[in-house]
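*Asks:*
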Amino acid sequence: MSIIEVENLKYRYPDLTDLVLDDLSFSVEKGECLGIVGENTAGKSTLCYALAGLIPHFYKGAYGGKVTVNGLVVREHEIAEIVENIGLVFENPFSQMTGAKKTVYEEVAFGLENLGLDRKEMHRRIEQYLKLLDVFGLKDKNPFDLSGGQMQRVAIASVLAMEPDVLILDEPTSQLDPQGSREVFEVIEQLTEKGMTIILVEHKMEQIAQYADRVLLLHQGRQVALDTPEKIFSRPDLKGFGVTPPVVTNISKALNVRYPDSELFPVTIEAFKRLEEAK
Amino acid sequence: MNTFELKDVAFSYSPDIQIFDGLDLSFDSRTTAIVGQNGAGKTTLVKLMKGLLKPSKGTLLIDGESIAKETAAQLSRRVGLVFQNPNDQIFKTNVLEEVMFGPLNIGMSRSEAEKAAREALQKVDLESKVDDNPYDLSLSERKLIALASILAMDTEMVIFDEPTMGQDFAGKEKIKAIIEELNTEGKLVLCILHDMDFAAEAFERTVVMNQGEIILDGQTRDVFSKKEVLEKAYLEQPYVTQIAHALGYNESFIHESELIAFLNKNA
Ligand SMILES: Nc1ncnc2c1ncn2[C@@H]1O[C@H](COP(=O)(O)OP(=O)(O)OP(=O)(O)O)[C@@H](O)[C@H]1O
Ligand SMILES: Nc1ncnc2c1ncn2[C@@H]1O[C@H](COP(=O)(O)OP(=O)(O)O)[C@@H](O)[C@H]1O
Ligand SMILES: [Mg+2]
Ligand SMILES: [Mg+2]
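Order-wise, the sequence lines are chains A and B. Counting in full-length UniProt numbering, the first sequence runs from 1 upward without gaps. Counting in full-length UniProt numbering, the second sequence runs from 1 upward without gaps.
(1) Can you grab the Cα-Cα spacing for the pair residue 21 (chain A) / residue 107 (chain B), in whole Å?
(2) Just checking residue 43 (chain B) against ligand 4 - is the residue's beta carbon closer than 7 angstroms to any of the ligand's heavy atoms?
(3) Could you check whether residue 208 (chain B) and residue 182 (chain B) sit closer than 8 angstroms to each other, using their CB atoms as the reference points?
(4) Near residue 107 (chain A), what residues of its chain come up, given a Cβ to Cβ distance below 7 angstroms and the 5 sequence neighbours on each side ignored?
(5) Going by alpha carbons, who is nearest to residue 319 (chain A) out of A:219, A:180 and A:273?
(6) So, for residue 259 (chain A): in the same chain, excluding its five sequence neighbours on each side, which residues have a beta-carbon less than 8 angstroms away from its beta-carbon?
(7) How long is the line joining the alpha carbons of residue 54 (chain A) and residue 257 (chain B), rounded to whole angstroms?
(8) Per DSSP, what kind of secondary structure is residue 27 (chain B) in: helix, strand or coil?
(9) Within 8 angstroms of any Cβ in chain A, is that where the Cβ of residue 119 (chain B) sits?
(10) Between B:119, B:133 and B:134, which has its C-alpha nearest residue 127 (chain B)'s C-alpha?
(11) Give the DSSP-derived three-state secondary structure of residue 205 (chain B) in the structure shown.
(12) Please compile the residues from chain B whose C-beta is within a distance smaller than 8 angstroms of the C-beta of residue 150 (chain A).
(13) What residues in the region 195-208 of chain B bring their beta carbon closer than 8 angstroms to a beta carbon of chain A?
(14) By Cβ distance, which residues of its chain are closer than 7 angstroms to residue 221 (chain B), with the 5 residues on each side in sequence left out?
(15) Is it the case that the region 19-29 of chain B contacts the region 195-203 of chain B, given that we only count it when at least three CB pairs across the two stretches are under 8 angstroms?
(16) Scan the region 2-82 of chain B and note each continuous beta strand (DSSP E) run of 3 residues or more that stays entirely inside, going in chain order.
(17) If you draw a straight line from the alpha carbon of residue 199 (chain A) to that of residue 71 (chain A), how long is it in whole angstroms?
(18) Check whether the Cβ of residue 242 (chain A) lies closer than 8 angstroms to any Cβ atom in chain B.
(19) Could you tell me whether the region 177-189 of chain A touches the region 235-249 of chain B, using the rule of 3 or more Cβ pairs below 8 angstroms?
(20) Can you give me the start and stop residues for the alpha helix (DSSP H) that residue 121 (chain A) sits inside?
(21) Is the Cβ-Cβ distance between residue 243 (chain A) and residue 217 (chain A) less than 8 angstroms?
(22) Let me know if residue 72 (chain B) comes out buried or exposed under the rule of 16 or more other beta-carbons within 10 Å of its beta-carbon.
(23) Specify the secondary structure class of residue 213 (chain B) as computed by DSSP and reduced to three states.
(24) Any beta carbon from chain A within less than 8 angstroms of residue 250 (chain B)'s own beta carbon?
(25) For residue 94 (chain B), which residues in chain A fall below 7 angstroms Cβ to Cβ?
(26) Residue 13 (chain A) by DSSP, collapsed to three states: which one?
(27) Return the bridge partner residues of residue 245 (chain B) from the DSSP annotation.
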């Protein structure tokens, strides 16, 4: 069995008339990084909520189909049980803050307290993950006195510290400076190598191209395609779904630099260079 | 408004950490992007300009006149700020009411305010959402609602704090068009960004802030050619520039079309 199995998932928020998730079916293997792309309002964040169990436990509305994560049928288990295995980094870091803790340190400790870890292990993890995100120096600050990017780093650290089996990241670097953003993606790569499964929603297609094993293209709640970054970004109809490929793929298309005997274009600078040199 | 200047400005949230210490910076009719690492002081700078924070030293001047005596209410007619986090700005439960709030607050009549609000919502393509609750919308839509609320106030200067955050291609194109329109109308436009490609494409001038200091300031193309300085400030060059360098070209390209034209010629 795959670590994530989605079967005919349908969902509509209360009071809406149209389905926001319309018959999605896919599975994700352990240690895989699945990228999710799509235009604004395609349903990306909603899908994240459904994978993490916030739908249907927190957001009511019409729900159909089945989501199984790590052997748990999401609909049949309490949120408290689900969060032990599935971590979700919200698109707005503000939503991640408990609002009840006076320091960044306590904020990260909050999630860990429910895991029943001993003091020493808790301290070790808090220090490790705050340092990983380069915010250990802010540990005594009030979480609400941070800059936007600093808060986003704390939000990521607090979820990573739980060391979940499945990690869902909804535009995790939207407020990070370019190098901070690159560092987060490198961390993601290391985590998948250690067997963590990652779902990554991103508008930065360069990062999806480099770090995602496969990409799910969503449009108006429907699953348009689930394929390798090369296949997705080489689609001639991509723009019609409100998605633009990485800059290097655009340039490859304009110059007709493609893989030999195929319709596929390179999606990373390295691949582009190799193909240019081979010409 | 022709210029907004900061002279010898100092500010700190707490005595132990100085965010600005003698900052000099001025803005004019050139569309300007501010880039810099997380925590550099970008949001703090624009909150000072909007009068939400008070400097401990120095002067802020509009067209050469100090704004120290202007009340927050007076200043809000002149300087509009779209917050980094839309949740800090939105508090009504109806989109139209939300966008009308600012205009009403600066003294427009209800009918004027409604007209301004509808026009602003049209600019961000969200006129169909007038009756919705902003909290039932996706974050990217909420961000555009917050932007429309400021546009509706028709201020002489518009400041955007990370407007492209969470936006797709179409959203970014809308924002680009809005910036150009504001500039054509003669307004001052200032934008904080983490998206180097967007900064390179849409702004005449780029300012790099690092730990409360300005370490680069000039024409966008020149600023983005300074790889080492940018990296020191935790930034990167735009992807187009990176691609050109990876291919061994030293010219500094900042637009996709430029690089394509150049590569075609050299092919
Ligand atoms: N209300 C506050 N109280 C205390 N410190 C604050 C407060 N707001 C911001 N700071 C601190 O001031 C510094 C500058 O913050 P600011 O929000 O201006 O950064 P920024 O450049 O906008 O960063 P980002 O790119 O992450 O949004 C940071 O170190 C931050 O932690
Ligand atoms: N809490 C909510 N209540 C009602 N509708 C919502 C809610 N959150 C999102 N929506 C709607 O669901 C659709 C998908 O939103 P979302 O999943 O946030 O899209 P994305 O993350 O792809 O931008 C949008 O039309 C949005 O307005
Ligand atoms: Mg979203
Ligand atoms: Mg900021």
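Virtual Cβ for every residue (Gly too), placed ideally from N, Cα, C.
*Replies:* In short, the structure shows the following:
(1) 43 angstroms
(2) yes
(3) no
(4) 97, 98, 101, 143, 154 and 158
(5) There is simply no residue 319 (chain A) to check, as chain A begins at 1 and stops at 279 in what is shown.
(6) 230, 265, 266 and 275
(7) 43 angstroms
(8) strand
(9) no
(10) B:119
(11) strand
(12) 38 and 39
(13) 196 and 197
(14) 252 and 254
(15) no
(16) 4-11, 20-27, 32-36, 57-62 and 79-82
(17) 17 angstroms
(18) yes
(19) yes
(20) 119-132
(21) yes
(22) exposed
(23) strand
(24) no
(25) Here the premise fails: no neighbours, minimum Cβ distance about 14 angstroms.
(26) coil
(27) None, per the DSSP bridge assignment.
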